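Participant: In the working numbering, the protein residues as written are 110 to 357.
1. By DSSP, does residue 295 sit in helix, in strand, or in coil?
2. Would DSSP call residue 259 helix, strand or coil?
3. Take residue 90 as the anchor and find which of 170, 131, 154 and 351 has the nearest alpha-carbon.
4. Kindly indicate which residue of 298, 130 and 218 has the alpha-carbon position closest to the one of residue 171.
5. In whole angstroms, what separates the C-alpha of residue 350 from that of residue 123?
6. Just to confirm my understanding: we take residue 263, look at its own chain, exclude 5 residues before and 5 after, and list those with CB closer than 7 Å. What are they?
7. Compute the minimum distance between the beta carbon of residue 258 and the heavy atoms of the ligand PLP, and state whether it is under 6 Å.
8. Using a 10 Å radius around the Cβ and a threshold of 16 neighbouring Cβ atoms, would you call residue 199 buried or exposed?
9. On the premise that residue 239 lies in contact with residue 166, defined as a C-beta separation below 8 Å, what is that separation, rounded to the nearest angstrom?
10. Just reading off the beta strand (DSSP E) that residue 309 is part of, what are its end residues?
11. Leaving out the 5 sequence neighbours to the left and right, which residues in its chain are closer than 8 Å to residue 193 when beta-carbon positions are compared?
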């Protein structure tokens, strides 16, 4: 069996998330259907670097699968794209060691979150950018971003439904970058909890509006209470941007 590492992008607007769910259209389902067609009906399971929720997009999601077929890497890319719907695109396929695992070998991930601050609503962005037509104190937002850097218990910044017991994660960088009438949050960490990025963004937007202060981040982290942080930003502004491994 050959193990293949596959980097894909997808528009999450019409998906109920990445992971297979009964009678739901998901990214994993479509990828496995494509692989099944290539393997003449045989089931081929894929493992990804992590799940994304309904409406969340990906620029650099990584998955792996095993195949008995001997196909050149470029031919794999062409074959998969020929069988996939147009809201999924295979960017790269690489042969890797059999020990490689798309989820367990992750070293760090980058997520980006796109916000429009324009007073006018762009209907073409409605599934891809969070429209937030309010004035923000960008300096306060950027100051607050710095308070997330390092290793912390992120209980306050994950969904109360999170089943993972260890909620300590390390943030390597967090930026709020102004782009025209928009704002892009860029966060890199060794791992992320359920809704963690969206809650961080929702909290930073509240700080930008003066509803919270930058220094409140310390208190919120120490509280380990979801109720202390801000609202969860909508899914459609979130992008899984990049996944790094030891060999990257």
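Ideal Cβ positions, reconstructed from N, Cα and C, are used throughout, including at glycine.
These numbers come from a predicted model, not from an experiment.
Facilitator: Reading it off the structure:
1. If DSSP states are grouped into helix, strand and coil, residue 295 belongs with the strands.
2. Reduced to three states, the DSSP call for residue 259 is strand.
3. Coverage of the chain is limited to positions 110 through 357, which leaves residue 90 absent and any answer about it impossible.
4. Comparing Cα positions, the closest option is 218.
5. One Cα belongs to residue 350, the other to residue 123, and the distance between them is close to 19 Å.
6. Non-local beta-carbon contacts of residue 263 in its own chain, meaning distances under 7 Å to residues more than five positions away in sequence, involve 276, 278, 302 and 305 in chain order.
7. Of ligands this structure carries none, so the ligand PLP is not represented either.
8. For residue 199, the number of other beta carbons within 10 angstroms of its own is at least 16, and it is reported as buried.
9. In fact, because the Cβ distance is near 12 Å, the residues do not count as touching under 8 Å.
10. In the DSSP assignment, residue 309 falls outside any beta strand (DSSP E) and lies within the alpha helix (DSSP H) extending over 305-317.
11. For residue 193, where only same-chain residues beyond five positions count, the Cβ hits under 8 Å are 139, 140, 143 and 199.
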